[in-house]
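Here you go:
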C-alpha cells in the first residue's frame with residue numbers, strides 16, 4: 519500500500535484460561551492499495567458498437583495501464599478501460615493492444631478464459647459476497663455468472679444467472695483469426711444492466727445514486743499462441759498448455775481474481791464528465807485491508823492454528839498508529855469459527871469465518 523508507507527507488524531497477546539503469549543504478524547505483503555475511478559453520467563445515448571466515437575466517450579478519461587495481477591511485472595501489451603453510466607446501464611469500454619486477434623469459443627457460458635478475453639468483476643456491496651462476473655472474447659462470446667461467495671469459501675459459480683439486457687460489441691483495428699498480418703488492438707464495449715446488479719445489494723436493492731460506491735475490477739487473460747495450418751490455439755510445451763498471463767486494473771496481490779476485498783472502487787456521479795469530482799472513500803480502506811489480511815492468514819495461511827484455540831479465547835492486537843489514526847483489532851474464537859473486529863474512532867468493522875464484512879459507523883460527524 520504505497521501511499522501509507524507502512525511497516526505493519528502486529529504483536530498479539532493471547533488471553534486464555536491458562537496461557538498468555540505474544541506473536542508477531544507481518545502484513546506488508548498482504549495489503550494492496552485498491553484503485554479508484556469516478557464514473558460520470560452520460561449526457562447523450564450510447565450506441566454499443568465496440569467503438570468509443572461518441573462525444574461522451576471521447577471526453578472520458580481512460581484508466582491507468584493494466585498491471586500484472588500480482589502488481590510487480592509490466593505487461594508487454596497495453597490495456598485500458600473507461601466507464602460511463604445512466605439510469606439503466608454501466609457502460610464499459612476497453613482497449614486491448616494485440617498483434618494477433620484470435621478466438622474460437624462461440625458458445626455462451628463456455629469457459630471463455632480459455633481464449634484471450636476481457637473480464638469484469640462487480641460487487642455492489644462492500645462485503646465480498648454476492649457478485650457477478652462477465653467475460654467476453656474477441657468473437658464477442660459471453661460468459662456471465664454469479665457467485666454467492668468466493669471460491670476459497672466454497673462459492674459455486676452459477677452460470678444460469680443471465681444478464682438478459684446486457685449489451686456488448688467488439689471492434690477490431692486489424693483482422694480476426696488471420697495470421698497473415700499484424701493487428702493493432704481490439705476493443706470491447708458493454709452496457710451492464712444496473713438493475714440486475716442492484717438485486718445483489720444488501721440494501722436498498724435500487725440502482726446507484728450520486729456518490730454511491732461499488733467494488734469492481736477488470737482482468738485481461740492473455741495466452742501464448744501457436745499456429746497450425748494458419749489456425750490459432752493456445753501454445754503447449756511438453757503436451758501442456760503454457761500458463762496464461764493475468765493483467766488487471768487494480769492489483770490483486772495474488773494470482774486470484776476472486777478476492778473481492780482487493781478490487782478497485784468506482785463512485786457514481788450525477789455530474790457529466792465536464793466536471794471533475796474527487797473520489798472520497800466512504801469507509802476506512804486501511805482498516806478494511808488490515809482486517810481482511812488477518813482474515814486470510816487465520817482462515818487459510820500461517821495463523822490457521824488460531825482456529826484450534828478454545829472457544830471464548832480472545833486475542834488483542836497491539837494498536838496501529840498511522841496518519842493520526844489508531845486502529846484497534848481483536849480476535850474472538852467462537853463455537854462456529856471466529857470473529858475479527860477492527861475499529862478506529864469513526865468506523866468499526868467485523869468479519870466472521872465466512873469472510874462476510876460488516877461496517878458500523880461509530881462517529882457520524884466524521
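Numbering (the working numbering), first residue to last: 519 to 884.
The C-beta atom is built at its ideal place from N, Cα and C for all residues, glycine as well.
Item, Value
"Looking at C-beta atoms only, is the number of pairs between the segment 618-628 and the segment 574-584 that lie closer than 8 Å three or more?", "no"
"Would residue 867 be called buried (16 or more neighbouring beta carbons within 10 Å of its own) or exposed?", "buried"
"To the nearest angstrom, how far is it from the Cα of residue 869 to the Cα of residue 765?", "29 Å"
"What's the C-alpha gap between residue 725 and residue 716?", "5 Å"
"Cβ atoms of residue 607 and residue 709: under 8 Å apart, would you say?", "yes"
"Could you have a look at residue 793 and say whether DSSP puts it in helix, strand or coil?", "coil"
"May I have the straight-line CA-CA distance separating residue 812 from residue 654, to the nearest angstrom?", "34 Å"
"If I'm right that residue 643 touches residue 728 with Cβ under 8 Å, what's the distance once you round it to whole angstroms?", "Not really, about 18 Å apart at Cβ, beyond 8 Å."
"What separation, rounded to the nearest whole angstrom, lies between the Cα atoms of residue 605 and residue 854?", "42 Å"
"Please go through the same chain and pick out, in chain order, the residues whose beta-carbon is closer than 7 Å to the beta-carbon of residue 680, but skip the five residues on each side of it.", "662"
"Along the chain, which unbroken stretches of the beta strand (DSSP E) at least 3 residues long are found entirely within the segment 656-716?", "660-665, 685-691, 703-711"
"How would you label residue 878, buried or exposed, when you count the other beta carbons within 10 angstroms and need 16 or more for buried?", "exposed"
"If you reduce the DSSP assignment to three classes, tell me which class residue 781 lands in.", "coil"
"For the 8 Å Cβ check, are there 3 or more pairs between the segment 630-640 and the segment 733-740?", "yes"
"Taking all protein chains shown into account, decide if residue 832 is buried (16 or more other Cβ within 10 angstroms of its Cβ) or exposed.", "exposed"
"Taking the CB atoms as reference points, tell me whether residue 595 and residue 616 lie closer together than 8 Å.", "yes"
"Let me know if residue 837 comes out buried or exposed under the rule of 16 or more other beta-carbons within 10 Å of its beta-carbon.", "exposed"
"Name the DSSP bridge partner or partners of residue 752?", "743"
"Is residue 617 helix, strand or coil when you go by DSSP?", "coil"
"Is the segment 752-760 in contact with the segment 698-714, if contact means three or more CB pairs nearer than 8 Å?", "no"
"Smallest Cα separation from residue 548: which of 752, 808, 782?", "808"
"Please confirm whether residue 824 and residue 645 have their CB atoms less than 8 Å apart.", "no"
"Just mark residue 886 as buried or exposed, buried being the case when its beta carbon has 16 or more other beta carbons within 10 Å.", "The chain is shown only over 519 to 884; residue 886 falls outside these bounds and no answer can be derived."
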